[in-house]
Amino acid sequence: MFAEFLQSSPERETPAKGRDASPAPSGLLRKILSNWLAKRAVRHKAPAPAPRERAVEEDAPPRIIIDLTDVVCHAIWHDACAGIPRVQLEIARALLARNPVAQALGWHRNKWSDLGPLILAADGDVDRIFALLKETFCDIRWNAKGALLLLRRRRRNLNIERYAEAPDLRPQDALFIGGAFWLNREIVNLCKDAAGKGANLIVLFHDLIPLAMPSFTGHDFAREYREMLSLPAHFVVTTEQTRSELKRARRRIDGWGGRISSSVTPLADEFPGSARNETAGAAPPRLAALAVQGFALCVGTIEIRKNHFLLMTAWEELAAERGGDMPKLVIAGRRGWKAQATLNRIDALEPDGAICFIEAPSDDELRWLYAACSFTVFPSLFEGWGLPVGESFWFGKPCAASNAQSIGPVARDLCAAFSPHHLDDMKSAIRRLLDADQRAAFQRRIEAAPLRQWSEFAAEIEALIAERRPMSDPLLLRESEDSPAAKAA
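Residue numbers (my numbering): 1 to 489.
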């Protein structure tokens, strides 16, 4: 799940594509520049607060800081709000609505921005929050809709305060990190500062794929993960499987792992903005042809971990076996990484074939696809959770789902499960849902099952922040995991 962000990180501190990095200054110039910066820092440094001011600060009510830096980055580069940004915006929306001392911040262009006015202006609508983030932070010079974004930005005139320095955290404050902390060093540095000042640091790990299965990631973020895991924080995970991986990862840092403060908080099944069992209305223009035929749906970024290649093979073999009795398979998602063979196959699809591809569906398109499909398929090799499985249930649709890591807690006994490594097993599970009677039996189970909403998840995160649970032991971060102690762990 986290890997869906790995291609959304052009703002990492790297030179722009096609542009040479600036040459390093000479030794003399570097020394002059260093002295000038040091003098400037002293000149602009805020005076230390007087004893009375410090006492007032210490008695001030605790603040809750929510970092949304990666959501800002995602909004700049994408038109639709993906799974993890949506989770974070749901949490931020709920916390800001209920807690007057909560503050949402994002780092962009070397400044921190207060996102509170923007979130409140959206009146609780997560899709609108995402659209406002895009309007506010997108560089209009490099966007095809730049003029329109500029016009909207000027009309709204949102008062977004920006700060050159990170918030000065106090021991009574809480800092919540709920997303891709590895995208910018400033986020990791903010967490280190919070830990150093004794603040209540809560970090949500959706998965540990960069450590557990690094071959599935588009970039190497292992260092950032180990840095975060070494901090005195309370770690939130979504499944017991991920909690076990977290404990193993901490042990590998120093051969011991220390005391770990962690809790399991499952994600939600709800598709935001849709009522449970919502039926399909008129098809969006791009999907009009699907409105007159039955189809199954697979939602997910096209990346190696999502296992689309094997699913396409299974579907084509079933289509050859069943002839005209086979519905079309709709694959909906963005183009990802390490899946060139699958992308080549997608690009070669025939318009009237057994499979079609809907690239980067909007939320409205995705909503219609879920509501109109007969069932869904989720063939992933490794997950932190598996949002499309729960979203399928939200629309009352059965799912043929992989039995791989951490999918079980969301799939429960409501899925036709299969091994993602075995073609025949996958085909067998799909056959079950091609049978109308078996499909109806799964639908009855889904209708009777309690499904989780995002408001419940946000409330549990808010309660965790308020509890101020004991922090994990800090760990000494080694430069390498190749030591005998680390290997033994």
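Using N, Cα and C, we set each Cβ at its ideal position, and we do this for glycine too.
Nothing here was measured: the structure is a model prediction, and the numbers come from that model.
With distance defined between alpha-carbon atoms, name the residue in the options nearest to residue i.
{"i": "P272", "options": "A283, G390, L464", "result": "G390"}
{"i": "R334", "options": "L287, A360, Q340, L310", "result": "A360"}
{"i": "G281", "options": "R367, M326, L95", "result": "R367"}
{"i": "E245", "options": "H234, L96, G384, R478", "result": "G384"}
{"i": "V117", "options": "L105, R109, K111", "result": "Residue 117 is actually Pro in this sequence, not Val. It is L105 whose Cα lies nearest to the Cα of P117."}
{"i": "V87", "options": "H78, E270, Q293", "result": "E270"}
{"i": "E220", "options": "N403, A314, W182, D435", "result": "Here residue 220 is Asp; the residue named in the question, Glu, does not match the sequence. Closest by alpha carbon: W182."}
{"i": "I430", "options": "G300, D123, T313, S230", "result": "T313"}
{"i": "S402", "options": "V330, L349, L311, E278", "result": "L311"}
{"i": "P171", "options": "S262, A459, K338, K197", "result": "K197"}
{"i": "P100", "options": "L476, I346, R469, E462", "result": "E462"}
{"i": "S215", "options": "K338, D325, M326, E316", "result": "K338"}
{"i": "R259", "options": "S274, T279, S230", "result": "S230"}
{"i": "T136", "options": "A417, A222, H74", "result": "H74"}
{"i": "S274", "options": "R444, A436, S392, M426", "result": "S392"}
{"i": "V410", "options": "D425, F130, R452, V188", "result": "R452"}
{"i": "T405", "options": "G386, L414, D413, A416", "result": "Looking at the sequence itself, residue 405 is Gln, so the reference to Thr does not match. Ranking G386, L414, D413, A416 by Cα distance to Q405 puts G386 first."}
{"i": "E224", "options": "W315, G218, I187", "result": "I187"}
{"i": "M213", "options": "F130, A249, T342", "result": "A249"}
{"i": "N110", "options": "D123, R162, I76, D425", "result": "R162"}
Closer than 7 Å to a non-hydrogen atom of the ligand PLP - does that hold for the CB of residue i?
{"i": "A320", "result": "Within the structure as shown, the ligand PLP is missing, as the structure has no ligands at all."}
Helix, strand or coil: how does DSSP classify residue i here?
{"i": "I407", "result": "coil"}
{"i": "Q88", "result": "helix"}
{"i": "W36", "result": "In this prediction, W36 has a pLDDT of 40, which is less than 50 and means its spatial position is unreliable; what the coordinates show is noted afterwards. W36 falls in the helix class under three-state DSSP."}
{"i": "F457", "result": "helix"}
{"i": "L464", "result": "helix"}
{"i": "I346", "result": "helix"}
{"i": "A75", "result": "helix"}
{"i": "F181", "result": "helix"}
{"i": "L133", "result": "helix"}
{"i": "L175", "result": "strand"}
{"i": "R162", "result": "strand"}
{"i": "P47", "result": "For P47, the predicted structure reports a pLDDT of 42, less than 50, and the residue's modelled location is therefore unreliable. A value from the coordinates is still provided. Coil."}
{"i": "A94", "result": "helix"}
{"i": "P285", "result": "helix"}
{"i": "C81", "result": "coil"}
{"i": "R52", "result": "Any reading at R52 needs caution, since the residue's pLDDT is 41, under 50, leaving its predicted position unreliable; the model's value is listed next. DSSP places R52 in helix when its eight states are reduced to three."}
{"i": "P470", "result": "coil"}
{"i": "L120", "result": "helix"}
{"i": "Q293", "result": "coil"}
{"i": "D125", "result": "coil"}
{"i": "K306", "result": "helix"}
{"i": "L475", "result": "coil"}
Measure the Cβ-Cβ separation of residue i and residue j and say whether it is below 8 Å.
{"i": "R305", "j": "L381", "result": "yes"}
{"i": "P85", "j": "G179", "result": "yes"}
{"i": "R93", "j": "V72", "result": "no"}
{"i": "R439", "j": "P474", "result": "no"}
{"i": "F378", "j": "P388", "result": "yes"}
{"i": "A283", "j": "P232", "result": "no"}
{"i": "I64", "j": "L95", "result": "yes"}
{"i": "A60", "j": "W112", "result": "no"}
{"i": "V264", "j": "E240", "result": "yes"}
{"i": "K328", "j": "F295", "result": "yes"}
{"i": "D490", "j": "N200", "result": "The requested residue 490 does not occur in the structure, where the chain is confined to residues 1 to 489."}
{"i": "I358", "j": "G336", "result": "no"}
{"i": "C191", "j": "L208", "result": "no"}
{"i": "S472", "j": "F235", "result": "yes"}
{"i": "L369", "j": "L297", "result": "yes"}
{"i": "I331", "j": "R478", "result": "no"}
{"i": "E365", "j": "L287", "result": "yes"}
{"i": "N344", "j": "P420", "result": "no"}
{"i": "A371", "j": "E447", "result": "no"}
{"i": "A319", "j": "E456", "result": "no"}
{"i": "F309", "j": "A354", "result": "no"}
{"i": "S261", "j": "P470", "result": "yes"}
{"i": "A458", "j": "I91", "result": "yes"}
{"i": "D363", "j": "A80", "result": "yes"}
{"i": "E317", "j": "K427", "result": "yes"}
Spell out the partners DSSP gives residue i in its beta bridges.
{"i": "G333", "result": "E359"}
{"i": "T313", "result": "DSSP output for T313 lists no bridge partner at all."}
{"i": "C138", "result": "Looking at the DSSP assignment, C138 forms no beta bridge with any residue, so it has no partner."}
{"i": "S262", "result": "F235"}
{"i": "H108", "result": "K111"}
{"i": "C298", "result": "I331"}
{"i": "Q103", "result": "I65"}
{"i": "A449", "result": "Looking at the DSSP assignment, A449 forms no beta bridge with any residue, so it has no partner."}
In chain order, each alpha helix (DSSP H) run of at least 4 residues that lies wholly inside the segment 200-251: 209-212, 222-229
Any beta strand (DSSP E) of 3 or more consecutive residues that is wholly inside the segment 368-439: 376-378, 399-402, 415-418
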